[in-house]
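A.B. asks:
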Amino acid sequence: MSEQGRIVEARPGKGAGLWLDAVRRLCKRKLAMVCLGVVMVYFLLAGFVYLAEMFDWRVGPTRWGEEVGQSYAPPSSKNILGTDIFGQSVLRKTLYGARISISVALFASLISIAIGVPLGAIGGYFRGFVDEVIVWIYSTLSSIPYVLLILAFAVVLRDKTVLGHRLTGIAAAYLAIGLTSWVGICRLIRGEVIKHKDREYILAAVSYGCSRRRIILRHLMPNVFHIVIIDFSLRFVAFVHAEVILSFLGLGEPNRPSWGAMINDARMELSRGVWWQMAAATAAVFLFCLALNIFGDALRDSLDPKLRIQ
Amino acid sequence: MDLIANNKRDVKKSDGNETLLSVRNLSTDFFAEEGIVRAVQDVGFSIRRGRTLALVGESGCGKTATALSIVRLVPAAQGKIVGGQIVFEGRNLLDLSERQMREIRGNGIGMIFQEPMSSLNPVYTVGDQIAEAIRLHQEKGCKEAWADAVEMLRAVGIADPQRRAREYPHQMSGGMCQRVMIAVAVSCEPALLIADEPTTALDVTTQGKILDLLDRLQKQSEMSILLITHDLGVVAQRADEAAVMYASRIVETADSRRLFVEPLHPYTQGLWESLLRLGFSGRRLRVIPGSVPAPLQFPAGCKFHPRCSKGRSDNRCRSVEPELREVEAGRCVACWHARGYEDKA
Amino acid sequence: MDFALKFLGILFVAVLPTIAGCDRSRSIEEPNEMVLHHVLYTRIAGLDPASTADIYSRIVASQIFETLYDYHFLKRPYELAPLLAEDMPQISEDGLVYTVKIKKGVYFQDDACFPGGKARQLRAQDFVYAFKRIANIKTLSPNWAVLNERIVGLDEFREYTKSCTGDVDYSREVEGLQAPDNQTLVIKLTKPWPQVIYSALADTAYAPVAMEAVDYYGQDIISHPVGTGPFKLNVWRRGSYVELVRNPAFRGELYPTEGQSGDAEAGYLDDAGKPIPFADRVVWTVIEEYQPAWLLFLQGKVDAGVIPKDSFDEVITGGGELTPAMKQRGIHLKTSMDPSTYWLGFNMADGVLGKNKPLRRAISYAIDRERFIELFFNNRHLVAHGVIPPMMAGYNAEIKEKGYSRYDPVKAKELLAEAERIRGGRLPVLKIAMPGASTWFHQYGQFLQRSLAAIGLQAEVQYMDGPAFQEELGAGNVQMFASGATASIPDAQEFLSLFYGKHAGAGPNAFNYSNPQFDQLYERAEVSRDGSERQKLYQEMELIVLEDCPAAFLNHRVAYVLHHDWYKNYKPHAFAYGLSKYRRIDTAKRAAYRELVKTIE
Amino acid sequence: MTTYILRRFLYTIPIVLGVLLLTFVLFTVVGGDISVELAGKGASGETIDEIREEYGLNKPLFLAWDSQFINHFKNALTFNFGRARDRELVIDKIKRGVWPSLALTAPMLVGVVVISVSIALVVASVRGSLWDTLAVVVCIAGMSIPYLGFIFFGQYFLAYKWGLFPVFFRPDLTTAQNVALPVLIGIAAGLGGNVRFYRTVMLDEMRSDYVRTAYAKGLSTGRVLFKHVLKNAMMPIITRVAMTAPFLFLGSLLLERFFGIPGLGYLMVEAIGARDYSVISAITFIGAILFVVFNLVADVCYALVDPRVTLE
């Protein structure tokens, strides 16, 4: 197995080779590709609904508000996934929900990456006082119960005006999630940067006089960025769940359907035997999470240099 | 502790001719993302009691896969033995149950690996790790096993074994770790020791000492050794016989001295030349052109033909793969151009 | 495996004490013990009547504390009867001075706060003290607003307490609250207040509290109630359950011997003349979720309970009857009108809505109240055609014909066109504030949004938590808001006071509605001591409100309560809380049901 | 070791300070004033002022000796959290609810960790097989099913229909009987995510060379997993437990609501909704202290399970 399990070092500084290689390897995994396909369908759907909403196209998902049948009609050939309390199509709501849920998760991810990655890189590279401060900030954040933190942020942010924009439910939701969840990625990046900092290729770059900015951006980042991608793919799922929790606590998007809001609405209907709304939203979350998870695992296997099998 | 005196197993004392392990037509596949990798193809060799067989070849040619196949440690998710026989002390290992196989591992066949540091469990003391095997196979109590473990450490040449037994692998040097590994492997006096590149990760002075240690242990207990290496120097000095592997197959087997004097396969010749020229003449290193093909890109015909001066232009070499044939007593080769090969058809 | 076992062992050893550490087992009841098992759907805030205002705290406190007057258990329409008072108050000609004789031989419950643990007799001074305590600003009583500017000298006393840094001197004279002797209480009002007997003399918030207890327990009085009632507190595990036991020193009372017609047939008079209370213990379990409450009811572990919205179809047939399965279990259904009205309020101070009556009317016509009640209340509430609920005196029987609350999208669209003309352009997106963010409020909000959208009005719903909603409402920052009110006395004055001009701003008039004509009538009604005259005025005022449309009135609540066969003397009451003393348990039937349950499930 | 612990304790000071500052800023400066709500409906301005005085809300926020922040800090450090909105001493509230909450959450954590680690070991050992894929699918299904689904199912079937457990908290039963079902539900709901996490950890560990050595010694799979792999995988397990354990005292909102366990699950959510500042600062303060303590415990545990770690 030594040949098969041999640890192969990443080629330092040659980010592109690593990436190309990873993509090539990933493409060969059928299951991963199927999952990527599923994830893409979700993203395309979300994007399509977003555009449709923007340009006012009258298509199924954007017409979720229409009454298509009786209140609480069970699934039938007319309404495949049944209807909700107002006789709205659960199928349309589920499709539309992709747009809200995915954008919450996407923006939350972007925010947490935008905060966590630079802070982690700076702290890990410069160490000293700057690092102490960064560690202090994230230790403080992580010593507050997560639910309290996210609730507090959501409560505090809701309906506040920031830079001339009133924060509606959805914006408050992803801001709250993003602002509270960068700790994990920051910690990971910091650790990885510390590890790489003393590697030969960085020492070499230092010795021929690269600026520190250049070292971080051109030499370190390409070699630690795979962590961001992996973390992103796995955390995305957690964010979709966080949206569900926020909705449960009444802090999600109030005026449009999201998966979280649907699950939350449907929980009380369960005891009257109305299972389809819960089932539809849960299935949507499940399929998305499953695909993203399997894809994330495969991505991890092909990106993480440590795990690359010759 | 006298290793021989303590040998409890009911084994006839060998006369040096009795075959301990005989591998026949062993084939093992590995499942890679890209497809099935035939890591071991139709491999056959045998080891006699008390003797050392060296399995030689470049990285990636299937040596380790062969070793893992012998003890059936190819992980189920990663690969599978697809054919052949592995006869050890008269029993075909491939027919044994997992439980019976566990009895053989560590007890009948010991194994040491290339990376001594990572092959030891970092969170247990070395004494623990040796005693574990003893407790498992010899039904000894904790204390007894511990005492044996200390003795083993002493036997593999570690100074102050009482104290060292309580240390963790990270507190030791690479050479010492390898000694500990050897102690783990031979603690139950196996009939066969598989040493998978035991010295590759060590520095040159330590390498010799470890090999000496193996020699000494072998002499004391009549243990056979399957020495896996890419270092021909080691083969020449330490092995009784050698099998050369190339691209999942054995291409030549012989008494190690004869292999040295008169290699038959062009690959073996190439290997020797690169070693000899480096060692004796100081002239520019002559290397075998090209590199070992990736398992999924094996060429048709003789797998060595693209790198072979004769084979490159020979149509037969390019289309028909030569099987291993015994060309002289105790010598096998797989090359159309080898002397006497075609006569044996 | 030794390591793994050690690891598990350590973890379990670490956990065991936490499970074992809080073992306190006690038995629920003996087979023949009469224990009432009730459900509280919200945790209660405290058992000090002065400093709590939530309804669930009051339900429990009302079994411990007693007031001067109490509603007759059976008679309808609701009427008051003396409880701690000897008889009805003597009221002076001008309606300003109330003289009340206090019953003799009433003792507080025995408690450690009294010397030797033996309680003393109730005196008139205790009532004076109770009022002063609420006036004392340090008590931070939420019940002060009712007394504000009502009793002579009490506001000055409140001013005095503000300046106090140390203890408040309760012996300080208040002119309007006098106890000339131990058995007489004299209350002087600043202006006529005919509802005082309901709002203050029959309200648990103003019940006498032993001064000794307040001094003894300090801030913890909240969990050490010492009253005069039939039950006393035994255990209160906050947020979990409250258990009261029969007060052994209770003076004794008798079950009423007369009631309304039909009461005898309903079995309400079976216990006539018997000494009450019947129950040995009363237990309330706090259950905030419907599913467990409902399951416990079905198991017979709880005597009575409301029907969860989503189990409604399982329990009630389309005709409003119990389903056969429920009848077979011996379960009874009691429905009763609640003195409540719910609405979508408009902020009259808002620039868009305030000056645009057609807009408000259009919104009112846009809401299909019947569908609303069908979707959200299983068809069991009533459409609110006006402000005053049908069960109350002052209800206008012809109000429905006026058609203020009808669903008329055509008319609504017409009015909307007019509204746009007044506005001079397109109407902006309107905002609706919701006092909660739960699923229920979300769906309610969506319903309103959809109703408005159907007539072409865009609305955005803002879901707020309770505090934020109150804050925004008080600050006048909302445009439309969903809210409602429940009367605490059988007089419609409470509803109309919500529209009184002087109550606008931070006061109870959240509509910021002001109509001089209305205000004039209100002021007349406020001091009117003639019931029928008052009611006429109320009806006039209601019509003014409906015409001006500061709110779209939506529904009146109807309560549906289920109870088991063994739970006797359960007659719904809209205003009284201290009713546990009348309830009786047929223990044999209860045991039989619990056996039966074991076989069906 | 002692110096190490001392140093770590010194390190808590800035963190606790940070936590107090953050909660303070979030809830007083940005979150607004609670006095209006406290005063009740239709309260006059004077009552509100009085309440502001009682709760010290009329004092300057930061820049004074008697500022709200300094007082808040002083109170926290002396464990004087004052009274909650319902007039109960916050510290009494916590003392009363902490045991029931722990009786629920501590066995839940232990159960989840023990079971999911065991499952993860087994699943990781059959990596790449159909069973492994199936396990991943089941885990993600478990993660996707809302918590309430588990509760509804457990309460309706296990407790009501089959009568295996009490439907709701009963004072006459032992705590163990009362928490049994909620603990089971909590474990079931938590397994998916945890098995997935630990599976990844185990997979990383199983790639190590020492695993091969252990097999080569003739050890059985169970022994390799539970002796060799498990001890090496303890680091991430300890880390994860140390991150969760400090907040166990807060209980579990939903389970407590549905099963009537008189714990603290409601405390935090309710306190945020009602802006009950004294409760929030008590929770965060105690949480922060416990967090730091558990981190320290984790460090000591690291040193116990991994000889390469020293407490310096």
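Residue numbers (the numbering used here), protein chains in the order written: chain U, -19 to 290; chain Z, 57 to 401; chain H, 2 to 602; chain F, 9 to 320.
Each residue gets a CB set at the ideal place from its N, CA and C atoms; glycine is no exception.
Since this is a predicted model, take the numbers as computed values, not measurements.
1) Can you list the alpha helix (DSSP H) stretches of 4 or more residues lying completely in the segment 148 to 177 of chain U, in chain order?
2) Return the residues of the segment 210 to 227 of chain F that lie within a Cβ-Cβ distance of less than 8 angstroms from chain C, sorted by chain order.
3) Using a beta-carbon distance below 7 angstroms, is H236(F) in contact with chain Z?
4) Take G40(U) and list the residues in its own chain whose beta-carbon comes closer than 6 angstroms to its own, dropping the five residues that flank it on each side.
5) Taking all protein chains shown into account, do 16 or more other C-beta atoms lie within 10 angstroms of the C-beta of Y583(H), making it buried, or fewer, making it exposed?
6) Answer with buried or exposed for G232(U), where buried requires no fewer than 16 other C-beta atoms within 10 angstroms of its C-beta.
7) In chain F, which residues lie with their C-beta within 8 angstroms of the C-beta of V338(U)?
8) Which of the three DSSP states, helix, strand or coil, is assigned to H39(H)?
9) Anything in chain Z within Cβ reach of V313(F), meaning under 9 angstroms, just list it in chain order.
10) Helix, strand or coil for T588(H)? Go by DSSP, reduced to three states.
11) Which residue's Cα is closest to the Cα of M393(H): P429(H), K412(H), P340(H), A280(H)?
12) Any beta carbon of chain U sitting closer than 7 angstroms to that of Y594(H)?
13) Starting from G352(H) and walking both ways along the alpha helix (DSSP H), at which residues does that stretch end?
14) Kindly indicate if chain U contains any beta-carbon less than 7 angstroms away from that of T336(H).
15) Any chance you could list the beta strand (DSSP E) runs of at least 3 consecutive residues sitting entirely within the segment 334 to 391 of chain H, in chain order?
16) What ranges does the alpha helix (DSSP H) occupy inside the segment 227 to 294 of chain Z, keeping only unbroken runs of at least 4 residues that lie completely in it?
17) Is the beta carbon of T292(F) less than 7 angstroms from the beta carbon of T20(F)?
18) Kindly indicate if chain F contains any beta-carbon less than 7 angstroms away from that of L129(Z).
19) Who are the Cβ neighbours of C23(H) in its own chain at under 6 angstroms, not counting the five residues just before and after it?
20) For L84(H), which residues in the same chain have their Cβ closer than 7 angstroms to its Cβ, ignoring the five residues on either side in sequence?
21) Under 7 angstroms, Cβ to Cβ, is there at least one residue of chain Z near G198(F)?
22) For E461(H), does the three-state DSSP call read helix, strand or coil?
23) Closer than 7 angstroms, CB to CB, is I65(U) near chain H or not?
24) Does any C-beta atom of chain U lie closer than 7 angstroms to the C-beta of L376(H)?
25) So A120(H) and D127(H) are in contact, right, with Cβ under 8 angstroms, and what is the actual spacing, rounded?
26) Taking one C-beta from the segment 150 to 165 of chain Z and one from the segment 195 to 210 of chain F each time, how about it: are there three or more such pairs within less than 8 angstroms?
27) Measuring CA to CA, which of I306(Z), L282(Z), V307(Z), R305(Z) is closest to D296(Z)?
28) Quick check: what's the CA-CA separation for P249(H) versus G387(H)?
29) Anything in chain H within Cβ reach of D245(U), meaning under 8 angstroms, just list it in chain order.
30) What distance in whole Å lies between the Cβ atoms of I210(U) and L279(U), which are believed to be in contact at a cut-off of 8 angstroms?
31) Looking at chain F, which residues of the segment 166 to 191 of chain Z have a Cβ within less than 7 angstroms of any of its Cβ atoms?
32) Does any CB atom of chain Z fall closer than 7 angstroms to the CB of G136(F)?
33) Look at the alpha carbon of V33(F) and the alpha carbon of F313(H), and state the distance between them as a whole number of angstroms.
34) Are any of the Cβ atoms in chain F nearer than 7 angstroms to that of N163(Z)?
35) Please report the straight-line C-alpha distance between G320(H) and N380(H), rounded to a whole angstrom.
36) Per DSSP, which residues does I433(H) bridge with? Please list them.
C.D. replies: In terms of the structure at hand:
1) Runs of the alpha helix (DSSP H) inside the segment 148 to 177 of chain U: 149 to 160, 162 to 177.
2) Absent from the structure: chain C. Protein chains present are U, Z, H and F.
3) Residue-level contact by beta carbon holds for H236(F) and chain Z, with a gap shorter than 7 angstroms.
4) A distance below 6 angstroms between beta-carbons, with the five flanking residues on each side excluded, links G40(U) to the following residues of its chain, in chain order: R72.
5) By the neighbour-count criterion, in which 16 or more other beta carbons inside 10 Å mark a residue as buried, Y583(H) falls on the buried side.
6) Answer is buried; the Cβ neighbour count reaches 16.
7) As displayed, chain U neither begins before -19 nor continues past 290, which places residue 338(U) out of reach and without an answer.
8) The three-state reading of DSSP puts H39(H) in strand, counting E and B together.
9) Residues of chain Z passing the Cβ test: V179.
10) DSSP, read as helix, strand or coil, puts T588(H) in helix.
11) Out of P429(H), K412(H), P340(H), A280(H), P340(H) has the C-alpha closest to the C-alpha of M393(H).
12) By this cut-off, Y594(H) is not an interface position.
13) Segment: none, G352(H) is in no alpha helix (DSSP H) and carries neither H nor E.
14) It does not: the Cβ of T336(H) has no partner Cβ on chain U nearer than 7 angstroms.
15) Scanning the segment 334 to 391 of chain H for uninterrupted beta strand (DSSP E) segments of 3 residues or longer gives 341 to 347, listed from N- to C-terminal end.
16) DSSP runs (the alpha helix (DSSP H)) wholly in the segment 227 to 294 of chain Z: 230 to 242, 260 to 277, 288 to 294.
17) No, the Cβ-Cβ distance between T292(F) and T20(F) is not below 7 angstroms.
18) For L129(Z), the closest Cβ of chain F is nearer than 7 angstroms.
19) Confidence in C23(H) is poor, its pLDDT being 43 and thus under 50, which makes the residue's placement unreliable; the coordinate value appears in the next sentence. If we look at C23(H) and ignore the five residues flanking it on each side, it has no Cβ neighbours.
20) Closer than 7 angstroms at the Cβ level, and outside the excluded window around L84(H), lie E67, T68, L69, Y70, D71.
21) With 7 angstroms as the cut-off, G198(F) does not count as an interface residue toward chain Z.
22) In the structure shown, E461(H) sits in a strand (DSSP, three-state: E or B).
23) Interface residue, yes.
24) Closer than 7 angstroms: yes.
25) Not confirmed; about 12 angstroms, so no contact.
26) Taking 8 angstroms as the limit for Cβ pairs, the verdict is that the segment 195 to 210 of chain F does not touch the segment 150 to 165 of chain Z.
27) Distance check between D296(Z) and each of I306(Z), L282(Z), V307(Z), R305(Z) places L282(Z) closest, using alpha-carbon atoms only.
28) The C-alpha of G387(H) is placed about 48 angstroms away from the C-alpha of P249(H).
29) Listed along chain H are T440, H443, Q444, each with a C-beta nearer than 8 angstroms to that of D245(U).
30) With a Cβ gap of about 6 angstroms, L279(U) and I210(U) count as contacting.
31) Per Cβ criterion, the list reads M167, F169, E171, S174, S175, L176, N177, P178, V179, E188, A189.
32) Closer than 7 angstroms: yes.
33) Whole-angstrom Cα-Cα distance: 46 angstroms.
34) Yes, N163(Z) counts as interfacial toward chain F.
35) Whole-angstrom Cα-Cα distance: 10 angstroms.
36) DSSP lists V462(H), M481(H) as the beta-bridge partner residues of I433(H).
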